[in-house]
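For reference, the structure discussed in these notes is given below.
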Amino acid sequence: MKIALMDSGIGLLAAAAVVRRIRPDADLVLSSDPDSMPWGPRTPQDVTARALAVARAAAAHRPDALIVACNTASVHALPALRAELEPGLPVIGTVPAIKPAAAGGGPVAIWATPATTGSPYQRGLIRDFARSVDVTEVPCPGLADAVQHADEAGIDRAVAAAAALTPPGVTDVVLGCTHYELVAERIRAAVQQPGLPRVVLHGSAVAVATHALRRIGSEPAPSAEPVGTLAVLLGGHAADLPESALAYAEGLLLKAVSPAL
Numbered sequence: 208m209k210i211a212l213m214d215s216g217i218g219l220l221a222a223a224a225v226v227r228r229i230r231p232d233a234d235l236v237l238s239s240d241p242d243s244m245p246w247g248p249r250t251p252q253d254v255t256a257r258a259l260a261v262a263r264a265a266a267a268h269r270p271d272a273l274i275v276a277c278n279t280a281s282v283h284a285l286p287a288l289r290a291e292l293e294p295g296l297p298v299i300g301t302v303p304a305i306k307p308a309a310a311g312g313g314p315v316a317i318w319a320t321p322a323t324t325g326s327p328y329q330r331g332l333i334r335d336f337a338r339s340v341d342v343t344e345v346p347c348p349g350l351a352d353a354v355q356h357a358d359e360a361g362i363d364r365a366v367a368a369a370a371a372l373t374p375p376g377v378t379d380v381v382l383g384c385t386h387y388e389l390v391a392e393r394i395r396a397a398v399q400q401p402g403l404p405r406v407v408l409h410g411s412a413v414a415v416a417t418h419a420l421r422r423i424g425s426e427p428a429p430s431a432e433p434v435g436t437l438a439v440l441l442g443g444h445a446a447d448l449p450e451s452a453l454a455y456a457e458g459l460l461l462k463a464v465s466p467a468l
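Under this note's numbering, residues 208 to 468 are what the sequence shown spells out, in order.
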């Protein structure tokens, strides 16, 4: 079994690590184009063109499923990706976990890139799944880039700025960019108020990874031998995991348990 994941950068690590934990025997293909980051400010047409290029590089490895581990690509390019690759290759998009976050009754904060915050796409999800709860949209300028480069000071600044815009009583925070899941505990620490219940974070990695495995009829096999290989594509070319990926537990996991190709 082979699962491919695509993103602009290392945001795909969170979902890839989930797949690795569920199916240690699965071969993984990680396809990204970090030189073109960030995708958020680009036009939908540009995002689609770049997403298609990244997806084609992954598809050349003949995976059984392709996870679009990028919110921006899922918003703008999912129809084009599915039109080109399905039904031969199932394509699974990423949706911010607004519905499960709102199920607790709120109040909810949605951390997302400035381009996504306030967008018709995000407002539509709020209208469909969270209209009965108090929702605050929180733009996080610079956070995805800082995570991409493992820029500790930049992460601290961006998280602190977003936390300052987050109401103190929120019970749930939606991580509306896959990069944010790599620093989830730092986000929780920044928004947690003394004496209040533990803030619940809602990422998409677990849901999208398990959905992809269900689409291809794969059963969980966490006891399987960790023999799944790891192929990394940067801008369509074979590469090693970027050094910045090894700053995160997910990157270290993938490197540690994946035999070299």
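We put the CB at the ideal spot given by N, CA and C, even for glycine.
Taking the CB atoms as reference points, tell me whether glycine 376 and proline 314 lie closer together than 7 angstroms. Closer than 7 angstroms, so yes.
Among the residues of its own chain, which have a CB less than 6 angstroms from the CB of proline 241, if the five just before and after it don't count? The answer, listed in chain order, is Gly216.
Looking at the structure shown, is aspartate 240 part of a helix, part of a strand, or coil, going by DSSP? Aspartate 240: coil per DSSP, three-state reduction.
Exposed or buried, which one is histidine 409 when buried takes at least 16 other CB atoms within 10 Å? Buried, because 16 or more other Cβ atoms sit within 10 Å of the Cβ of histidine 409.
Compute the distance between the beta-carbons of phenylalanine 336 and alanine 304, then report whether it is under 7 angstroms. Cβ distance not < 7 angstroms, so phenylalanine 336 and alanine 304 don't count as in contact.
Could you please give me the residues that DSSP links to isoleucine 317 through a beta bridge? Partner(s): Glu344, Val381.
Leucine 292: first and last residue of the uninterrupted alpha helix (DSSP H) it sits in: Note, leucine 292: alpha helix (DSSP H), 278-292.
If contact is defined by three or more beta carbon pairs under 8 angstroms, each pair taking one atom from either stretch, is the segment 388-402 in contact with the segment 354-372? Yes, they touch.
Tell me which same chain residues have a C-beta within less than 6 angstroms of the C-beta of threonine 373, skipping the five on either side of it? Within the same chain, threonine 373 has close Cβ partners Ala316, Val345, Val398.
Return the Cβ separation of proline 327 and glycine 247 in integer angstroms, given the expectation that the two are a contact with Cβ distance under 8 angstroms. Between glycine 247 and proline 327 the Cβ distance is about 15 angstroms, and since that is not below 8 angstroms, they are no contact.
Just to check my reading of the structure: valine 413 and valine 236 have Cβ atoms closer than 8 angstroms, yes? What is that Cβ distance to the nearest angstrom? At roughly 20 angstroms, the Cβ-Cβ gap does not stay under 8 angstroms, so valine 413 and valine 236 are not in contact.
Note down, in chain order, each residue of its chain lying with its Cβ closer than 6 angstroms to the Cβ of leucine 350, except the 5 sequence neighbours on either side. Hits under 6 angstroms: Ala365.
Count the other CB atoms, across all protein chains shown, that sit within 10 Å of the CB of arginine 405; report buried if there are 16 or more and exposed otherwise. Within a 10 Å sphere around the beta-carbon of arginine 405 sit fewer than 16 other beta-carbons, which makes this residue exposed.
According to DSSP, is alanine 438 part of a helix, a strand, or is it coil? Strand.
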